[in-house]
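In what follows, a single structure is set out as structure tokens and then discussed.
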Amino acid sequence: GNSLVKCRLSDAGYLPKFREELCRVTKTTVIGTECLGLRISVNQFC
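For the sequence shown, the working numbering gives the first residue as 17, with consecutive numbering after it.
Here you go:
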């Protein structure tokens with residue numbers, strides 16, 4: 017199997033060739049990067 021790199025926000029998995037491209041799910045996060053301190057709460061959207 018191939019190793020995957022992930023978008024830390026959506027948890028979508030991508031082939032390593034997509035590292036450092038924009039996540040196709042969130043369209044805002046970069047694939048394979050760390051995002052320390054990111055916290056999403058349902059209360060933010062209500």
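Heads up, the beta-carbon is just placed ideally off N, CA and C, and yes, glycines get one too.
Quick check: the Cα distance between Leu-31 and Gly-48, rounded to an integer number of angstroms? 10 Å
With 16 as the cutoff for other CB atoms within 10 Å, does Cys-39 come out buried or exposed? buried
Burial state of Cys-51, where buried means 16 or more other Cβ atoms lie within 10 Å: exposed
Residues in its own chain within less than 7 Å of Lys-33 by CB, not counting five upstream and five downstream? none
Note down, in chain order, each residue of its chain lying with its Cβ closer than 7 Å to the Cβ of Gly-29, except the 5 sequence neighbours on either side. Leu-20, Lys-22
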